[in-house]
Amino acid sequence: MKNSILFTVVSATLLSGIAFVSCKQKNRNNEYYTPREITAATDVPKYNLALNRMDLECFGVHDIIAVDSMIVTITSDKQAMIKVFDYSGNVIARLSPSGRAGNELLTVSYCDQNSVIDGERHLILKDQDYIYRYNLTGSVRNGANLKPEKLLELPNYEQRANGFSTFFRNDGSYFQYSGVSYNEITIPSSALDMLPDGTFRIKDGFKLPDFEFYPPSYVLIKPNGDTIKYDIYPSLPTFKEDYFADVLYHSVVRMSQDGNKVVIADAFQDRMTYIDLISGDMFGVRCPDFVDYALYSDRADLQSMTVEGAYQMVIYKDYIYVLYDHNTAYEEDKEDKPIDATIRVFNWDGEFIADLIPNAPITNFYIDDKTGKLIAIDNDEQFYVSLYP
1 MKNSILFTVV SATLLSGIAF VSCKQKNRNN EYYTPREITA ATDVPKYNLA LNRMDLECFG
61 VHDIIAVDSM IVTITSDKQA MIKVFDYSGN VIARLSPSGR AGNELLTVSY CDQNSVIDGE
121 RHLILKDQDY IYRYNLTGSV RNGANLKPEK LLELPNYEQR ANGFSTFFRN DGSYFQYSGV
181 SYNEITIPSS ALDMLPDGTF RIKDGFKLPD FEFYPPSYVL IKPNGDTIKY DIYPSLPTFK
241 EDYFADVLYH SVVRMSQDGN KVVIADAFQD RMTYIDLISG DMFGVRCPDF VDYALYSDRA
301 DLQSMTVEGA YQMVIYKDYI YVLYDHNTAY EEDKEDKPID ATIRVFNWDG EFIADLIPNA
361 PITNFYIDDK TGKLIAIDND EQFYVSLYP
């Protein structure tokens, strides 16, 4: 689910040399810079979450959003990348064909932030190169995309290699998370041999340059360009299996509805970081299955010790809902086990409030902030609905 694939050669760039990722770290220690670390309670109440199957057919779904009594799906369908349904599963609108016209996007993914402006719902979306504000209400009414507002150009791939999120505040500042990045190394085409099947391999005797992974970054960028950096991971440990530096670091980030706070769930470590963007206060919450990579980085079986953890995180009213997979990374990646999910509920003080146990193996969900309906989907693209318990 979260793991990225390393050692990928892109043949289209061979004439000028190719960007190639290997793994060698200079830094040795993994530290936590939050001033205080809290251990979450383990004896929280557990509640069954009854989910009812919906008669809704939509395929190739990447994201689901439930807003204003509508179910919005972001899909891989190039004819209509955004499909909107009512709660009975009826199609309201088929929007956003892939294209280059002024009101079109090449690809669409949801940036986990939306707002109401002048009574109309706007989604924050991104395509290959930019982040946009998209008027969902107006596009549904129009039956076609209104021209989206361009907000930000995305950095290059190396700077957002394993995870990237941006959240906008009303004062014009924005909080940005970039996952583990790496130094770009160019391998000359003269160092490559073409195989009979048209693929390439590195010639015998060619020594790969040194590569380094850099820690994730979390930064608040102000309207005047000033930045505040939050050094949650100032360095990375040296892993026995080098590619773990890229595979295991994965953050799910969300912003509070008032834009004043940010919460970060580190999936494989089972840890959360809270940042108050007004006061600058920052603290960490280590959950029941917390694994400190620095203690076990010399173990080749580290993946079997780490839980998959946070898949999805939804902010609803004053609470944080984390869709949490109890499988280990090894079980998920190597054994292909189905998700073993609960929804953990936290507040903004870092308290683990409750655990919701769904009666279906859901892999994504959203809660409509107006109706309280929880909409979910599983790996078979079956949709579910539940009133908020």
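Numbering of the sequence shown is given in our numbering, commencing with residue 1 and proceeding in unit increments.
Glycine included, each C-beta is placed from N, C-alpha and C at the ideal position.
- prompt: Which partner residues does Lys229 have in the DSSP bridge list?
  reply: DSSP links Lys229 through a beta bridge to Val219.
query: Could you give the distance in angstroms between the alpha-carbon of Pro35 and the alpha-carbon of Asp292?
result: Rounded to the nearest angstrom, the gap between the Cα atoms of Pro35 and Asp292 is 17 Å.
- prompt: Exposed or buried, what is Asn145 when buried is set at 16 or more other beta-carbons lying within 10 Å of its beta-carbon?
  reply: Asn145 is buried by the Cβ-count criterion.
- request: Quick one: using the 10 Å Cβ neighbour count with 16 as the cut-off for buried, is Ile343 buried or exposed?
  value: With 16 or more other Cβ atoms within 10 Å, it is buried.
- request: Taking only the alpha-carbon atoms, compute the straight-line gap between Arg194 and Gly205 and give it to the nearest angstrom.
  value: In the sequence as displayed, the identity of residue 194 is Met instead of Arg. Approximately 16 Å between the Cα atoms of the pair.
query: Cβ of Ser173 within 8 Å of Cβ of Pro223?
result: Yes. Within cutoff.
Rounded separation between Asn90 and Lys240 - CA only: If you take the alpha carbons of Asn90 and Lys240, they lie about 52 Å apart.
field: Same chain, Cβ closer than 6 Å to Asn364, five either side skipped, listed in chain order
entry: Ile64, Gln312, Ile377.
message: Just to confirm, is the Cβ distance from Val285 to Ala80 under 8 Å?
response: With respect to Ala80, Val285 sits apart: the two C-beta atoms are not nearer than 8 Å.
task: For Arg133, name the three-state secondary structure that DSSP assigns.
output: In the three-state scheme derived from DSSP, where H, G and I count as helix and E and B as strand, Arg133 is classed as strand.
task: With DSSP as the reference, label Ile377 as helix, strand or coil.
output: Here Ile377 sits in strand by DSSP.
query: What is the DSSP secondary structure of Arg121, counted as helix, strand or coil?
result: In this structure, Arg121 counts as strand in the three-state DSSP scheme.
- request: Mind checking which residues open and close the alpha helix (DSSP H) that includes Val247?
  value: For Val247, the enclosing alpha helix (DSSP H) stretches over residues 244–247.
query: So, helix, strand or coil for Tyr87, using DSSP?
result: Looking at Tyr87 - three-state DSSP - the assignment turns out to be coil, as it is neither helix nor strand.
- request: Would you tell me roughly how many angstroms separate the C-alpha atoms of Lys147 and Tyr274, rounded to the nearest one?
  value: Cα-Cα distance, rounded: 35 Å.
field: Selected residue, minimal CA-CA separation from Tyr47, among Asp355, Asp68, Tyr316
entry: Tyr47 has its Cα closest to that of Asp355, out of Asp355, Asp68, Tyr316.
message: Taking the straight line between their C-alpha atoms, what separation do you get for Asp402 and Arg133?
response: Because the chain in this structure spans residues 1 to 389, residue 402 falls outside the shown range and cannot be described.
- prompt: Quick one, which of Thr328, Leu295, Asp171, Tyr316 has its alpha-carbon nearest Gly309's?
  reply: Closest in C-alpha terms to Gly309, from the list Thr328, Leu295, Asp171, Tyr316, comes Thr328.
message: Just to confirm before moving on: does the CB-CB distance between Glu335 and Asp325 stay below 8 Å?
response: If you check the CB distance, Glu335 and Asp325 do not come in under 8 Å.
- prompt: If you draw a straight line from the C-alpha of Ser16 to the C-alpha of Arg201, how long is it?
  reply: Legend: pLDDT at Ser16 = 30, less than 50; position of this residue unreliable, value from coordinates given subsequently. Their Cα atoms are separated by approximately 16 Å.
task: Ignore the nearest five residues each way along the sequence and tell me which others in Cys58's own chain have a CB closer than 6 Å to its CB.
output: Excluding five sequence positions before and after Cys58, the CB atoms of its chain that fall closer than 6 Å to its own CB belong to Thr73, Lys83, given in chain order.
message: Using only the alpha-carbon positions, how far apart do Ile185 and Glu212 sit?
response: One C-alpha to the other measures close to 10 Å.
message: Taking a contact to mean a Cβ-Cβ separation below 8 Å, would you say Tyr153 touches Tyr130 in this structure?
response: First, the residue type needs correcting, since residue 153 is Glu and not Tyr in the sequence shown. For Glu153 and Tyr130, yes; Cβs fall inside 8 Å.
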